[in-house]
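The next block holds one structure in the form of structure tokens; read it before the comments.
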Amino acid sequence: MTKQSLALVTGADGFIGSHLVEYLLNKGCNVRAFCLYNSNGSWGWLDRIDKEYKKNIEVVLGDIRDPICVKNALKGCDHVYHLAALIAIPYSYMAPASYVETNIMGTLNVIQAARELDVSKVVHTSTSETYGTAQFVPITEDHPLVAQSPYAASKIGADQIALSYWRSFETPVSVIRPFNTYGPRQSCRAVIPTIITQIAGGEKRIKLGSTTPTRDFNFILDTCSAFYEVGKSEACVGQVVNAASNYEISIGETVSLIADAMGARVEISSEAERVRPERSEVNRLFGDNSRIKRLTEWRPKYDGKDGFKRGIARTVEWFTKPNNLALYKLGQYSI
1 MTKQSLALVT
11 GADGFIGSHL
21 VEYLLNKGCN
31 VRAFCLYNSN
41 GSWGWLDRID
51 KEYKKNIEVV
61 LGDIRDPICV
71 KNALKGCDHV
81 YHLAALIAIP
91 YSYMAPASYV
101 ETNIMGTLNV
111 IQAARELDVS
121 KVVHTSTSET
131 YGTAQFVPIT
141 EDHPLVAQSP
151 YAASKIGADQ
161 IALSYWRSFE
171 TPVSVIRPFN
181 TYGPRQSCRA
191 VIPTIITQIA
201 GGEKRIKLGS
211 TTPTRDFNFI
221 LDTCSAFYEV
231 GKSEACVGQV
241 VNAASNYEIS
251 IGETVSLIAD
261 AMGARVEISS
271 EAERVRPERS
281 EVNRLFGDNS
291 RIKRLTEWRP
301 KYDGKDGFKR
311 GIARTVEWFT
321 KPNNLALYKL
331 GQYSI
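Counting in the UniProt record's numbering, the sequence shown runs from 1 upward without gaps.
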């Protein structure tokens, strides 16, 4: 995209979305931020970004489930980065219909509006959870899709809606499939903030679910740069591309690494309420990033063990600032 173009970021009030807004602004892009409507006029995490950024974004409050609202937000935009979604896996066990409405119907609203308005590029956000437990590693984009949770099922459906518009109508869609993103501002729904905030709160016994699954963690800046590069690439149209660090580590090992970074000695306590149902747990995620490297200029800067340590250090630094830590309910299990 050019510096004169206007990019819409849906889900801009969330963790990745708010960072992507900052990233695009740093690249000189014009940004319209689509945030979930609320009566308080809150912009979510965008309320806490630097005031210089705030002056340069246009914020629209709405609901991704409403097609009229979505189409109005897309008017005049050249690019769309579609991140708005429900993402918590445990909550998808409790409220699966809301995941269908938000993730599948919301994506349909975005992609239909983009088609009608002749938008130049749509980058649709998928998730590594669509692969389920790895059947081979590293996981390429050709890996079978296996929904092990209602959340994963809704994202598979959303991905297919997006790709169907490319096949049916030549709508210029790319599907980016980030592996486990982490960094400042992430919810304690995710494991890394859960670990950091418990240690920062003085806990010596860290409450977690299963510690044996492995993940391919991506620092937030690498994820944002992947979005940007996919958005620029014509070669990515009609493609699914992994955004993965190509480094695998278990949850248990992640606890040790974070504890070392925070100078703490901890034990792990597995709590039943934090453990996924057996057939729903994704036991191994380890991504292949060769396609995105081939089709774009993207290269992860926080890859490998050393890169992961650097990303964790930056994340710990943010979370342990008193004003930031105060935003979290320490010790409370978040789904």
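A virtual CB, placed ideally from N, CA and C, is assigned to each residue, including glycine.
Would you decide whether residue i is buried or exposed? Buried here means 16 or more other CB atoms lie within 10 Å of its CB.
i           : result
residue 231 : buried
residue 277 : exposed
residue 114 : buried
residue 121 : buried
residue 177 : buried
residue 52  : exposed
residue 308 : buried
residue 118 : exposed
residue 275 : exposed
residue 327 : exposed
residue 331 : exposed
residue 157 : buried
residue 300 : buried
residue 322 : exposed
residue 97  : exposed
residue 291 : buried
residue 103 : buried
Residues in its own chain within less than 6 Å of residue i by CB, not counting five upstream and five downstream?
i           : result
residue 143 : 131
residue 109 : 67, 70
residue 204 : 266
residue 249 : none
residue 43  : 13, 35, 59
residue 219 : 183, 302, 311
residue 264 : 199
residue 297 : 229
residue 88  : 189, 335
residue 101 : 65
residue 92  : 99, 149, 150, 151
residue 346 : The requested residue 346 does not occur in the structure, where the chain is confined to residues 1 to 335.
Provide the residue span of the alpha helix (DSSP H) that contains residue i, from first to last.
i           : result
residue 46  : Taken as a continuous stretch (DSSP letters only), residue 46 belongs to no alpha helix (DSSP H), as it is neither H nor E.
residue 291 : 290-295
residue 92  : 89-94
residue 19  : 15-26
residue 69  : 67-74
residue 310 : 304-319
residue 227 : 220-232
residue 33  : It is not in any alpha helix (DSSP H) - residue 33 instead sits in the beta strand (DSSP E) that spans 30-36.
residue 324 : 322-325
residue 165 : 150-169
residue 7   : Residue 7 -> not in any alpha helix (DSSP H); beta strand (DSSP E) instead, spanning 6-10.
Have a look at the options and flag the residue whose alpha-carbon is nearest the alpha-carbon of residue i.
i           : options           : result
residue 83  : 222, 227, 210, 39 : 227
residue 233 : 293, 23, 186, 89  : 293
residue 146 : 284, 304, 308     : 284
residue 282 : 86, 72, 213       : 213
residue 319 : 298, 168, 182     : 182
residue 334 : 300, 90, 60, 78   : 90
residue 74  : 8, 291, 125       : 8
residue 124 : 324, 56, 323, 173 : 173
residue 215 : 64, 180, 202      : 180
residue 127 : 137, 136, 149     : 149
residue 295 : 241, 96, 103, 23  : 241
residue 78  : 272, 61, 29       : 29
residue 40  : 279, 23, 62       : 62
First and last residue of the beta strand (DSSP E) that includes residue i?
i           : result
residue 267 : 267-270
residue 58  : 57-62
residue 206 : 205-208
residue 243 : 240-243
residue 125 : 121-125
What residues in its chain sit with their C-beta under 8 Å from that of residue i, if we drop five residues either side in the sequence?
i           : result
residue 255 : 195, 206, 208, 211, 266, 268
residue 336 : This structure cannot settle anything about residue 336, because the visible part of the chain is limited to 1 through 335.
residue 25  : 31, 53, 56, 57
residue 257 : 249, 308, 309, 312
Excluding sequence positions up to five away, which residues of its chain have a Cβ less than 7 Å from the Cβ of residue i?
i           : result
residue 12  : 18, 21, 33, 34, 35, 46
residue 193 : 186, 187, 319
residue 171 : 111, 114, 115, 122, 165
residue 153 : 147
residue 76  : 6
residue 105 : 65
residue 287 : 128, 138, 139, 179, 216, 242, 244, 246
residue 273 : 333
residue 201 : 330, 331
Could you check whether the Cβ of residue i sits closer than 8 Å to any Cβ belonging to chain E?
i           : result
residue 233 : Absent from the structure is chain E; it holds one protein chain and no more.
Is the region 213-225 touching the region 156-165 in the sense that three or more CB pairs, one from each, lie closer than 8 Å? no
Given 8 Å as the limit, is there contact between the region 312-331 and the region 236-253, that is, 3 or more CB pairs closer than that? no
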